[in-house]
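A.B. asks: Pasting a structure here, questions to come.
In the working numbering, the protein residues as written are -9 to 365.
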């Protein structure tokens, strides 16, 4: 046995494990809520393949299985699907309470779809959608309507009309005469966006919905859907079928809604991880620069992934950025001097309020050409 004086008397080494940084949310994670008596009530179960549902006891004709089949059929294939169960045995508020409970118990899901053995009343869905507007962390709802009233101008009690009237920016409504889970296919397509990549962001218009039968509509029927901001997987005259148009029920583009939620989460995580891992960020101009730099790295990534792009700033004056000036980097972060901070905020150890001006890259959905032909 080796004996002798300890080496620490000569060289004393202290090792500290760095705290693990908080990770960002997965904005491609989806939750299917159904009523098949397979799972325990209000408990999330993760599935990474369709086969796993059958292993758990879901039959091929169960609503959850058919909804999951639509989810996993997308290409590229998404990977994060949760399923939860609730029983409709009480009041009409059961659905709202179940969704609220699942939101409070888990941050793991971002999108929600409904797959029940019974028809859900339109007003119940609208009330759930209204609740989701205020959830924190952010969530979205993806619903399908098969009602013929959705394409009829004089109908004012169909789901598409009601959701649009409620001005909901976190609900995607899609018309499908044949498949009650068509909207899930749209989410599954955008679920594969990697915001840490290069040129990875997308628009849902022009995308395909595998296993979903496309609709053959007249121009007037489509105009009714468009007026209600209701999406549809539709057949074009050239034989192709695409998603049109790609918006939430209030007209917000779905890719913008999800991208902004992702940006918000990344900024929160970047700020927290800096404060958590550093000994102290001083309340000085130098300290604010350090904090600003952490937000700058996030914004740079959203230029790289194609969400932001240089353009003319048409918002209010912010710092040295003026209205109608070029936003050359696609974004601008303004941190006011520490000397402008109030004594109350300084005593409360608050950083100065920073402002970020961002210019969306947007997406081309339409093109006009004027052609002059002469001899």
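C-beta atoms are modelled at their ideal positions from N, C-alpha and C, and glycine is treated no differently.
What residues in its chain sit with their C-beta under 8 Å from that of residue 175, if we drop five residues either side in the sequence?
C.D. replies: Translated into the one-based positions of the chain shown, residue 175 becomes position 185. Here the set comprises 60, 61, 63, 64, 199, 200, 201, 202 and 223.
A.B. asks: Give me the DSSP bridge partner(s) of residue 104.
C.D. replies: Sequence index remark: in the chain shown, residue 104 carries index 114 (1-based). Its beta-bridge partners are 23.
A.B. asks: Determine the extent of the beta strand (DSSP E) in which residue 289 is found, giving its start and end residues.
C.D. replies: As a working note, residue 289 is residue 299 in the chain shown. Per DSSP, residue 289 belongs to no beta strand (DSSP E); it is in the alpha helix (DSSP H), 275 to 294.
A.B. asks: Under a Cβ-count criterion, where at least 16 other Cβ atoms within 10 Å of its own Cβ denotes burial, should residue 170 be classed as buried or exposed?
C.D. replies: Position 180 of the chain shown, counting from 1, holds the residue named residue 170. Classification of residue 170: buried, given that the 10 Å Cβ count is 16 or more.
A.B. asks: My output table needs one value for residue 211: the three-state DSSP class, helix, strand or coil.
C.D. replies: Here residue 211 corresponds to residue number 221 of the chain shown, with the count starting at 1. Of the three classes helix, strand and coil, the one that applies to residue 211 here is helix, per DSSP.
A.B. asks: Between which two residues does the beta strand (DSSP E) harbouring residue 345 extend?
C.D. replies: Here residue 345 is taken as the residue at index 355 of the chain shown, counted from 1. Note, residue 345: beta strand (DSSP E), 345 to 348.
A.B. asks: Going by DSSP in three states, residue 171 sits in which element: helix, strand or coil?
C.D. replies: Start at 1 with the first residue of the chain shown, and residue 171 comes out as number 181. If DSSP states are grouped into helix, strand and coil, residue 171 belongs with coil.
A.B. asks: For the alpha helix (DSSP H) containing residue 310, name the first residue and the last one.
C.D. replies: Reading the chain shown from its first residue, position 320 is the one you call residue 310. No alpha helix (DSSP H) holds residue 310; DSSP gives it neither H nor E.
A.B. asks: For residue 316, which residues does DSSP report across the bridge?
C.D. replies: For this step, residue 316 is matched to residue 326 along the chain shown. DSSP lists 302 as partners of residue 316.
A.B. asks: Since residue 183 and residue 18 are thought to touch, with beta carbons under 8 Å apart, how far apart are those beta carbons, to the nearest angstrom?
C.D. replies: One-based indexing of the chain shown puts residue 183 at position 193. One-based indexing of the chain shown puts residue 18 at position 28. Confirmed, Cβ separation roughly 7 Å.
A.B. asks: Taking only three categories from DSSP, how would you classify residue 87?
C.D. replies: Counted from its first residue, the chain shown places residue 87 at position 97. It is helical.
A.B. asks: Pair every Cβ in the region 22 to 35 with every Cβ in the region 45 to 60, then say whether three or more of these pairs are closer than 8 Å.
C.D. replies: With the cut-off at 8 Å, the region 22 to 35 and the region 45 to 60 touch.
A.B. asks: Nearest CA to the CA of residue 113: which residue from 179, 154 and 30?
C.D. replies: Within the chain shown, residue 113 is the residue found at index 123, counting from 1. That would be 154, whose Cα lies nearest to the Cα of residue 113.
A.B. asks: Identify every residue that forms a DSSP beta bridge with residue 321.
C.D. replies: Residue 321 sits at position 331 when you count from the first residue of the chain shown. Beta-bridge pairing links residue 321 to 348.
A.B. asks: Could you tell me which of 149, 324, 31 and 194 sits nearest to residue 275, measuring between CA atoms?
C.D. replies: Here residue 275 corresponds to residue number 285 of the chain shown, with the count starting at 1. Checking every option, the nearest Cα to that of residue 275 belongs to 324.
A.B. asks: What would DSSP say about residue 250, mapped onto helix, strand or coil?
C.D. replies: Start at 1 with the first residue of the chain shown, and residue 250 comes out as number 260. In the structure shown, residue 250 sits in a helix (DSSP, three-state: H, G or I).
A.B. asks: Count Cβ pairs between the region 152 to 166 and the region 219 to 238 that sit closer than 8 Å; are there 3 or more?
C.D. replies: These segments touch.
A.B. asks: Identify whether residue 201 lies in helix, strand or coil by the three-state DSSP scheme.
C.D. replies: On the chain shown, residue 201 is found 211 positions in, with the first residue counted as 1. Looking at residue 201 - three-state DSSP - the assignment turns out to be coil, as it is neither helix nor strand.
A.B. asks: With residue 221 as the anchor, note down where its beta strand (DSSP E) starts and where it stops.
C.D. replies: As a working mapping, residue 221 is identified with position 231 in the chain shown. Start and end: 221 to 225.
A.B. asks: Can you tell me the Cα-Cα spacing of residue 168 and residue 136, whole angstroms?
C.D. replies: Your numbering for residue 168 matches position 178 in the chain shown. Your numbering for residue 136 matches position 146 in the chain shown. Cα-Cα distance, rounded: 7 Å.
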